[in-house]
Amino acid sequence: MTEAAHLARAADAIRLDRNISELFNELEHVLREVAESRLLAAAPLFVETNAMLRRKVSSEHVTVMGGFIGATEDGVTTTLGRGGSDYTAGIAGAAPGADEIEIWTDVDGMLTCDPRIVAGAHCLRTISFKEAELMAKTGAKVLHPATVAPAVRQCIPIVMRNSRNPGAKGTRIVRESARDGAVMSVSCRTGVSLLRLTPRNTPVTAEFGQESGNVFEKSRCAARPGVDVGARDVGGS
Amino acid sequence: MSVVVETASLTAEFRERLNGVAEVEAVEDRAILTLVGNNAARNPSNLARASQRLCRTLSGAQAGAVLYCGCDSRFAFVLDSQALYPAAAALHKEFFAQPNPVLFVPNRVSINVAEAKTTACALVSADQVS
Numbered sequence: 001m002t003e004a005a006h007l008a009r010a011a012d013a014i015r016l017d018r019n020i021s022e023l024f025n026e027l028e029h030v031l032r033e034v035a036e037s038r039l040l041a042a043a044p045l046f047v048e049t050n051a052m053l054r055r056k057v058s059s060e061h062v063t064v065m066g067g068f069i070g071a072t073e074d075g076v077t078t079t080l081g082r083g084g085s086d087y088t089a090g091i092a093g094a095a096p097g098a099d100e101i102e103i104w105t106d107v108d109g110m111l112t113c114d115p116r117i118v119a120g121a122h123c124l125r126t127i128s129f130k131e132a133e134l135m136a137k138t139g140a141k142v143l144h145p146a147t148v149a150p151a152v153r154q155c156i157p158i159v160m161r162n163s164r165n166p167g168a169k170g171t172r173i174v175r176e177s178a179r180d181g182a183v184m185s186v187s188c189r190t191g192v193s194l195l196r197l198t199p200r201n202t203p204v205t206a207e208f209g210q211e212s213g214n215v216f217e218k219s220r221c222a223a224r225p226g227v228d229v230g231a232r233d234v235g236g237s
Numbered sequence: 238m239s240v241v242v243e244t245a246s247l248t249a250e251f252r253e254r255l256n257g258v259a260e261v262e263a264v265e266d267r268a269i270l271t272l273v274g275n276n277a278a279r280n281p282s283n284l285a286r287a288s289q290r291l292c293r294t295l296s297g298a299q300a301g302a303v304l305y306c307g308c309d310s311r312f313a314f315v316l317d318s319q320a321l322y323p324a325a326a327a328l329h330k331e332f333f334a335q336p337n338p339v340l341f342v343p344n345r346v347s348i349n350v351a352e353a354k355t356t357a358c359a360l361v362s363a364d365q366v367s
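Pasting the structure below:
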């Protein structure tokens, strides 16, 4: 989809939201964000957002709000980018210090592998914040990595539940890991390339690592999940 | 030294900059399989089991895989994207063939398979009795 098409869709969503804003809390004023680089991936201003959420959300009444959309300090509507709805839940739950954050989605919870790739993947009962974040960063699409961050800061458990199977207990994401040293999931990611770098006329040194690292940084090809240095070949049969 | 990048980021400008500091061999159309678990990468048994299982599973042009240890709680294999499905299935089988019920809820597909086997056994038993 082109950027123009994205903007058109976002504009539609915004109009829709404004139409229903009388029924719901004024969403665009609840989440105050600033578009640091792109309209579709704004970064929250946590101090202001949290202060506003604490004023608006209390245990005395039920607050209903949408996710994904927010506003700049100037009141210009913007969005949080991919996974923004879950991210909103994380922010809105963490700000007033909720006992628990529930994310209702269309799968039973976090699975041991992408069920489209491996049939018979199992649902994890409990995993740690760190494991959930690593899974999300390395290909598990059920949870956006940013969602976990606000809950981690305040140690608020996140529970992932299935709206199509509400009887399932889902996956509980907590501070401590259920099992130390065990593999809990296999994540998959495609669309990557392997670069083998050989320094010109010099051995591999820390300076070379620094120099090539600078190239990655300048090109905004910063270290992403799975972008690691230091490898060994695993021979096949 | 080797690194993994998203193929979309391999622009001509980026390659040119990188060529200024090193000879670059780019192998495209790769996939990453990452195994995650608290301190999973510190457990040598995990690394050995995963490597050996991949060695048994992959063959021919798919044989080359590169092992990365990103941090204590994850390690990854970079391999031919064509090998992703069989490799993922093999690693999943290696680590989750008999899921600990304390940690995992078996997938409903697996439960159905198990139930079907139980039913089949019951039918066989009934036939044998009759």
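One line per chain: the protein sequences are A and B, in this order.
Taking our numbering, the leading residue of the first sequence gets 1, the next gets one more, and so forth.
Taking our numbering, the leading residue of the second sequence gets 238, the next gets one more, and so forth.
Just so it is clear, CB atoms sit at the ideal spot from N, CA and C, and this is done for glycine as well.
> Going by C-alpha distance, which of A:E131, A:T138 and A:M110 is nearest A:R125?
Replying inline: A:M110
> Quick one: complete alpha helix (DSSP H) runs, 4+ long, within the segment 174 to 206 of chain A?
Replying inline: none
> Hey, how far is the Cα of A:E102 from the Cα of B:L284?
Replying inline: About 34 Å.
> Buried or exposed: where does A:T217 fall if 16 or more other Cβ atoms within 10 Å of its Cβ makes it buried?
Replying inline: Residue identity differs from the one stated: residue 217 of chain A is Glu in this sequence, not Thr. Exposed.
> Could you give the residue range of the beta strand (DSSP E) that holds A:G90?
Replying inline: That residue, A:G90, is in no beta strand (DSSP E); its alpha helix (DSSP H) goes G84 to A94.
>> Is there a Cβ of chain A sitting closer than 7 Å to that of B:R290, yes or no?
In response: no
> What do you get for A:D114, buried or exposed, if any count of 16 or more other CB atoms within 10 angstroms of its CB means buried?
Replying inline: buried
>> Here's a check: name, in chain order, each residue in its chain whose Cβ is nearer than 7 Å to the Cβ of B:G307, leaving out the five neighbours to either side.
In response: A313
> For A:C188, which option in B:N337, B:A320 and B:P343 has the closest C-alpha, if you only look at C-alpha atoms?
Replying inline: B:A320
>> Please list, in chain order, the chain B residues whose beta carbon lies closer than 9 Å to that of A:T49.
In response: Correct list: empty, because the minimum Cβ distance to chain B is about 30 Å.
> Since A:L194 and B:S318 are thought to touch, with beta carbons under 8 Å apart, how far apart are those beta carbons, to the nearest angstrom?
Replying inline: At roughly 11 Å, the Cβ-Cβ gap does not stay under 8 Å, so A:L194 and B:S318 are not in contact.
>> Measuring straight from C-alpha to C-alpha, what distance separates B:V261 and A:R196?
In response: 6 Å
> For A:E54, which option in A:S212, A:I173 and A:A95 has the closest C-alpha, if you only look at C-alpha atoms?
Replying inline: First, the residue type needs correcting, since residue 54 of chain A is Arg and not Glu in the sequence shown. Per the Cα distances, A:A95.
> Along chain A, in chain order, which residues have C-beta atoms closer than 9 Å to that of B:A268?
Replying inline: C188, R189, T190, G191 and V192
>> Please return the same chain residues whose Cβ sits closer than 6 Å to the Cβ of A:V148, not counting the five positions on each side in sequence.
In response: F129, A132 and E133
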